[in-house]
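Down below is the structure, laid out as structure tokens.
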Amino acid sequence: EAGVAQSPRYKIIEKRQSVAFWCNPISGHATLYWYQQILGQGPKLLIQFQNNGVVDDSQLPKDRFSAERLKGVDSTLKIQPAKLEDSAVYLCASSLRRSGGWVYGYTFGSGTRLTVV
Amino acid sequence: AQSVTQPDIHITVSEGASLELRCNYSYGATPYLFWYVQSPGQGLQLLLKYFSGDTLVQGIKGFEAEFKRSQSSFNLRKPSVHWSDAAEYFCAVGAGGGADGLTFGKGTHLIIQP
């Protein structure tokens, strides 16, 4: 099966500019996640969607970050305006939700590497 | 809130030697535990996971991990490492229920000496 698709692979922008990342999850996966991985650290969850609804966005800096999953399939993460500290790899993941216990098929994409200069 | 500690930032092992990467977690209930590997410029690949049952878990690429509730640990082991095992290794814990986001440790960078 096809994996989690993300684009672009790399992006360089100046501070205060805006940027958007796209993610297409594995077909049939109802749950989609965005993680931020700063160099030298583990990934940190930014937001979790269940279909087109937000389950958890407690760690999303909402003054500058936004995300949507309008049709419950692909998703876009936006940063506006970007700061130097936003330089990171942005990983998208998806999973197949099940009732009770853990989810199935938790799969990460290759990520988008953002450099803010 | 859950947390994960990986005490070793870097570990150097000779090729063919055994490996143990340490992971300690903090979580109030029974955790869902994971080990991922990340090669440079690549995404995260799942090595193994623990949900319940047998506390010794077998994974891909010859890795195994043991869940020890009394020590809040989930250490990753491999009896004989290969040069291709050089990578960043992340331990993670999941809370389950409606929110399935993973909490990751900071990672351990594994270096393989010839």
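Protein chains in written order, with this note's numbering: chain D, 1 to 117; chain H, 1001 to 1114. Virtual Cβ for every residue (Gly too), placed ideally from N, Cα, C.
Starting from residue 33 of chain D, find everything on chain H with Cβ-Cβ shorter than 7 Å and list it in chain order.
-> Your numbering for residue 33 of chain D matches position 33 in the first sequence. Within chain H, the residues near residue 33 of chain D are 1101.
May I ask you to report which of helix, strand or coil DSSP gives residue 83 of chain D?
-> As a position in the first sequence, residue 83 of chain D is number 83, starting the count at 1. In this structure, residue 83 of chain D counts as coil in the three-state DSSP scheme.
Would you please verify whether the beta carbon of residue 1074 of chain H is less than 9 Å from any beta carbon of chain D?
-> In the second sequence, counting from the first residue as 1, residue 1074 of chain H sits at position 74. Judged by the 9 Å Cβ criterion, residue 1074 of chain H is not in contact with chain D.
Residues bridged to residue 1056 of chain H by DSSP?
-> Taking the second sequence and counting its residues from 1, one reaches residue 1056 of chain H at position 56. Partner(s): H:1066.
For residue 18 of chain D, which three-state DSSP category applies?
-> Along the first sequence, read from residue 1 onward, the residue named residue 18 of chain D stands at position 18. When DSSP states are grouped into helix, strand and coil, residue 18 of chain D belongs to the coil group.
Mind checking who residue 53 of chain D pairs with in its DSSP beta bridge?
-> Working through the first sequence from its first residue, we reach residue 53 of chain D at position 53. DSSP output for residue 53 of chain D lists D:50 as bridge partner(s).
Near-chain D residues of the segment 1027-1061 of chain H (beta-carbon distance less than 9 Å), N- to C-terminal order | For the segment 1027-1061 of chain H, which is checked against every Cβ of chain D, the residues closer than 9 Å are 1032, 1034, 1036, 1038, 1041, 1042, 1043, 1044, 1045, 1046, 1049, 1051, 1052.
Using a C-beta to C-beta distance shorter than 8 Å, which residues of chain H count as neighbours of residue 103 of chain D?
-> Counted from its first residue, the first sequence places residue 103 of chain D at position 103. Against chain H, the beta carbon of residue 103 of chain D has neighbours under 8 Å at 1100, listed in chain order.
For chain D, find out if any of its Cβ atoms is closer than 9 Å to the Cβ of residue 1065 of chain H; answer yes or no.
-> As a first step, residue 1065 of chain H is located in the second sequence; it is residue number 65 there, counting from the start. Cβ-Cβ to chain D under 9 Å: no for residue 1065 of chain H.
In three-state terms, what does DSSP make of residue 1061 of chain H?
-> To locate residue 1061 of chain H, count along the second sequence from 1; it is residue 61. In this structure, residue 1061 of chain H counts as helix in the three-state DSSP scheme.
Provide the residue(s) that pair with residue 1035 of chain H in DSSP beta bridges, ordered along the chain.
-> Numbered from 1 along the second sequence, position 35 holds the residue referred to as residue 1035 of chain H. Residue pairing by DSSP places residue 1035 of chain H opposite H:1048, H:1091 in a beta bridge.
Consider the Cβ of residue 81 of chain D: report whether some Cβ of chain H lies at a distance smaller than 9 Å.
-> Sequence index remark: in the first sequence, residue 81 of chain D carries index 81 (1-based). Residue-level contact check: residue 81 of chain D does not touch chain H, since none of the beta carbons of chain H fall below 9 Å from its beta carbon.
What does residue 1106 of chain H reach in chain D if we use C-beta pairs closer than 9 Å?
-> In the second sequence, the residue the question calls residue 1106 of chain H occupies position 106. The answer, in chain order, is 40, 41, 42.
How about residue 1069 of chain H and residue 1055 of chain H: do their beta carbons lie closer than 9 Å?
-> Position 69 of the second sequence, counted from the start, is the residue given in the question as residue 1069 of chain H. Position 55 of the second sequence, counted from the start, is the residue given in the question as residue 1055 of chain H. A distance below 9 Å separates the beta carbons of residue 1069 of chain H and residue 1055 of chain H.
Going straight from the alpha carbon of residue 1062 of chain H to that of residue 89 of chain D, what length do you get?
-> Here residue 1062 of chain H corresponds to residue number 62 of the second sequence, with the count starting at 1. Here residue 89 of chain D corresponds to residue number 89 of the first sequence, with the count starting at 1. One Cα belongs to residue 1062 of chain H, the other to residue 89 of chain D, and the distance between them is close to 28 Å.
For residue 70 of chain D, I'd like the list of residues in its chain whose CB is within less than 8 Å of its CB, leaving aside the five on either flank, ordered along the chain.
-> Taking the first residue of the first sequence as position 1, residue 70 of chain D is located at position 70. In the same chain as residue 70 of chain D, and ignoring 5 residues on each side of it, the C-beta atoms closer than 8 Å to its own belong to 52, in chain order.
With residue 69 of chain D as the anchor, note down where its beta strand (DSSP E) starts and where it stops.
-> As a position in the first sequence, residue 69 of chain D is number 69, starting the count at 1. Careful: residue 69 of chain D lies outside any beta strand (DSSP E) and carries neither H nor E.
Taking 9 Å as the CB-CB limit, is residue 1086 of chain H close to chain D?
-> Position 86 of the second sequence, counting from 1, holds the residue named residue 1086 of chain H. Not a single C-beta of chain D is nearer than 9 Å to the C-beta of residue 1086 of chain H.
How would you list, in chain order, the residues of chain D whose beta-carbon sits under 7 Å from the beta-carbon of residue 1016 of chain H?
-> For the purposes of this step, residue 1016 of chain H is identified with residue 16 of the second sequence, where counting begins at 1. For residue 1016 of chain H, there are no C-beta contacts with chain D under 7 Å, since the nearest C-beta of that chain is about 28 Å from it.
Using 9 Å as the limit for Cβ to Cβ distance, is residue 1004 of chain H near chain D?
-> Translated into the one-based positions of the second sequence, residue 1004 of chain H becomes position 4. Judged by the 9 Å Cβ criterion, residue 1004 of chain H is in contact with chain D.
Confirm, please, whether the CB-CB distance from residue 84 of chain D to residue 11 of chain D is below 9 Å.
-> Locating residue 11 of chain D in the first sequence gives position 11, counting from the first residue. Locating residue 84 of chain D in the first sequence gives position 84, counting from the first residue. The Cβ atoms of residue 11 of chain D and residue 84 of chain D do not sit closer than 9 Å to each other.
By the criterion of Cβ-Cβ separation under 9 Å, what are the contact partners of residue 54 of chain D in chain H?
-> Sequence index remark: in the first sequence, residue 54 of chain D carries index 54 (1-based). Those do not exist, as residue 54 of chain D stays about 11 Å from chain H at its closest Cβ, beyond 9 Å.
Does the separation of the CB atoms of residue 1082 of chain H and residue 1010 of chain H fall below 9 Å?
-> For this step, residue 1082 of chain H is matched to residue 82 along the second sequence. For this step, residue 1010 of chain H is matched to residue 10 along the second sequence. Contact: no.
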